[in-house]
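Quick mapping for you: the protein sequence lines, in order, are chains Y and L. Counting from 126, one number per residue, gives the positions in the first sequence under my numbering. Counting from 16, one number per residue, gives the positions in the second sequence under my numbering.
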Amino acid sequence: MSGEPLLEVRGLSKSFGRHAVLTGVELKVGPGELVGVTGENGSGKSTLLKILAGRLRPDAGTWVLRGRLGYCPQEPLVFGRLTVAENFACFAAAYGLADWRPAEDDLLGRFRFAPYARTLVHELSAGTRQKLNLALALLHGPDVLLLDEPYSGFDWETYLHFWECAESLRAAGRGLLVVSHFVYERVRFDRLCALRDGKLWEA
Amino acid sequence: MTARALLRSRVALLLLFVVPTLFVALIALITSHRRIVVELPSAGVGALLEMSQRQQGLVFVGLAVVGILTAFLALDLLQRDAEATRRLVLCGYRPREIIAARLTVLVAIVMVIASYVAVLVQIVFRPAHPAAMWLGFLLGGWVYGCYGVLVGALVRRELEGILLVVLLANIDVGWVQNPVYYADAQVKSVIRSLPAHFPSQVSMLAAFTDHPVGAAALRAFAYGAVLLAVALVVFHRRMQPGRR
């Protein structure tokens with residue numbers, strides 16, 4: 126890792142009732158670094174990302190984020206009664222982007238779902254919905270990406286395109302934190318951590 | 016985008032017109048022209064009015080259908096894609112922009128439903144003051160629309176939301192606000208404190224008397240405004256980062 130970390134997490138804890146999910150998580154993601162977090166179902170991977178993305182409040186801990194954040198949730202959080210293009214327009218407005226069309230076209234092409242640009246989202250297959258879910262997180266060219274099971278439901282070719290995209294983002298100096306309970310190719314990650322007993326361990 | 020998404024729910028839009036037509040047609044079919052005596056508190060304490068059962072039933076059901084439909088639509092506007100909306104806020108959208116867009120759509124819905132129901136009712140009979148009766152329907156939609164927004168802001172799950180809307184709307188606008196029940200009610204203050212009371216008074220007074228409706232209309236508007244204010248606070252808090 127070179128330079129100041131883009132994401133720095135210190136002592137993050139979260140419990141649901143008496144069930145402690147995260148107990149003092151420490152983590153750093155630097156520029157051009159791709160960090161993977163793996164763990165069993167219910168180990169707290171998504172909870173960690175939800176906290177970092179602002180969807181959940183932690184019980185304790187702090188984190189510093191340097192730059193713009195892109196967050197791809199595990200479940201596609203998109204508008205079902207809008208088309209793919211309209212979803213892009215909504216999120217572009219949220220990001221404050223004046224001209225998002227080139228980025229939209231690039232993402233539609235990169236993840237191979239351009240033919241569905243005018244299709245209503247609730248008519249899409251689960252895999253295509255996931256492509257949109259991921260593309261919306263990338264639309265504004267974020268500096269730090271939090272990706273929760275980003276390739277679930279992808280076919281093999283799209284899975285490979287995802288990694289091409291991740292590689293180009295890493296080469297551009299972005300920081301990526303990828304959470305997945307399946308890690309097929311460890312070699313793709315700069316670091317791989319396992320979330321166990323509420324703590325992150327270098328795998 | 017909110018309006019566009021709603022316009023794509025074709026079956027729901029169709030029901031907005033089919034349901035009132037069925038309600039009004041049913042009342043026109045099953046009621047008689049028998050004269051009944053009812054009490055309208057806004058016309059003065061103990062003031063009794065005589066009217067046709069059918070005409071009274073039409074105004075009552077008109078208000079009920081406007082209130083119930085707008086409450087459900089408002090609930091749907093707030094609950095549908097709620098987590099996607101929250102993601103939008105986390106990405107930079109301001110909650111007040113989202114609520115403003117949804118309220119604009121809601122007001123348009125209330126106008127359309129209230130106007131359609133007012134036209135339907137007037138096919139069957141001519142109220143004393145049609146515009147003021149329409150205002151009563153409009154206020155019924157306003158109050159119950161705001162109630163639907165509040166329920167949508169308060170509860171996350173659809174079933175709880177539907178139950179809360181059905182329970183209150185059914186007992187209030189669908190039952191106890193019928194002036195037929197008011198005269199013999201044991202605790203009238205309870206009826207007067209429910210959301211549909213003032214809109215009901217406005218529509219009944221306008222349909223059957225020359226009594227001014229301004230005071231009741233203002234109270235109905237204020238009632239809805241209070242519900243909306245609470246809903247906005249709840250919605251704004253729920254949309255903040257780090258909350259669920």
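Don't be surprised by glycine CBs; every beta carbon is placed ideally from N, CA and C. All of these numbers come straight from a predicted model, not from anything done at the bench.
Legend entry - Other residues of its chain near residue 291 of chain Y: CB distance less than 7 Å, five sequence neighbours each side excluded: 159 and 301
Legend entry - Limits of the alpha helix (DSSP H) - the one that residue 223 of chain L falls within: 212–223
Inset, instruction - Find the nearest neighbour of residue 153 of chain L within the set L/178, L/40 and L/235, judged by alpha-carbon distance. - result: L/235
Inset, instruction - Compute the beta-carbon to beta-carbon distance between residue 131 of chain L and residue 35 of chain L, rounded to the nearest angstrom, for a pair I have assumed lies under 8 Å. - result: 6 Å
Inset, instruction - Could you tell me which uninterrupted beta strand (DSSP E) segments, each at least 3 residues in length, are contained entirely in the stretch 139–201 of chain Y, listed from first to last along the chain? - result: 144–154, 159–163, 185–190 and 194–197
Legend entry - Extent of the continuous beta strand (DSSP E) to which residue 301 of chain Y belongs: 300–304
Legend entry - Segments of 3+ residues assigned as beta strand (DSSP E) that fall wholly inside the stretch 43–115 of chain L: 50–54 and 63–67
Legend entry - Between the CA atoms of residue 180 of chain Y and residue 181 of chain L - distance to the nearest angstrom: 31 Å
Inset, instruction - Spatial neighbours of residue 158 of chain L within its chain, please: CB distance less than 8 Å, with the 5 preceding and 5 following residues excluded, ordered by chain position. - result: 82, 210, 211, 213, 214, 235, 238, 239 and 242
Legend entry - CB of residue 16 of chain L within 8 Å of CB of residue 215 of chain Y, strictly: yes
Inset, instruction - Scan the stretch 205–227 of chain Y for residues whose Cβ lies nearer than 8 Å to a Cβ of chain L and list them as they occur along the chain. - result: 205, 206, 207, 211, 214, 215, 216, 218, 219, 220 and 221
Legend entry - is_contact[residue 96 of chain L, chain Y] using C-beta, thresh 8 Å: yes
Legend entry - Nearest neighbour of residue 107 of chain L, chosen from Y/236, Y/234, Y/200 and Y/196 [CA to CA]: Y/196
Inset, instruction - Pair every Cβ in the stretch 158–177 of chain L with every Cβ in the stretch 246–256 of chain L, then say whether three or more of these pairs are closer than 8 Å. - result: yes
Legend entry - Environment of residue 176 of chain Y [buried if 16+ CB atoms lie within 10 Å]: buried
Legend entry - Of the residues Y/227, Y/150, Y/294 and Y/156, the one placed nearest residue 139 of chain Y, counting alpha carbons only: Y/150
Legend entry - For residue 230 of chain Y, three-class secondary structure by DSSP: helix
Inset, instruction - Answer with yes or no whether the minimum CB distance from residue 148 of chain L to chain Y is below 8 Å. - result: no
Legend entry - Own chain, CB closer than 8 Å to residue 280 of chain Y, minus 5 neighbours either side, in chain order: 252
Inset, instruction - Starting from residue 16 of chain L, find everything on chain Y with Cβ-Cβ shorter than 7 Å and list it in chain order. - result: 207, 211 and 215
Legend entry - Cβ of residue 106 of chain L within 8 Å of any chain B Cβ: Absent from the structure: chain B. Protein chains present are Y and L.
Legend entry - Residue range of the unbroken beta strand (DSSP E) whose run includes residue 270 of chain Y: 269–273
Inset, instruction - Sort out for me which residues DSSP pairs residue 208 of chain Y with in a bridge. - result: Y/245
Inset, instruction - Compare the C-beta of residue 178 of chain Y against all C-beta atoms of chain L and say whether one is closer than 8 Å. - result: yes
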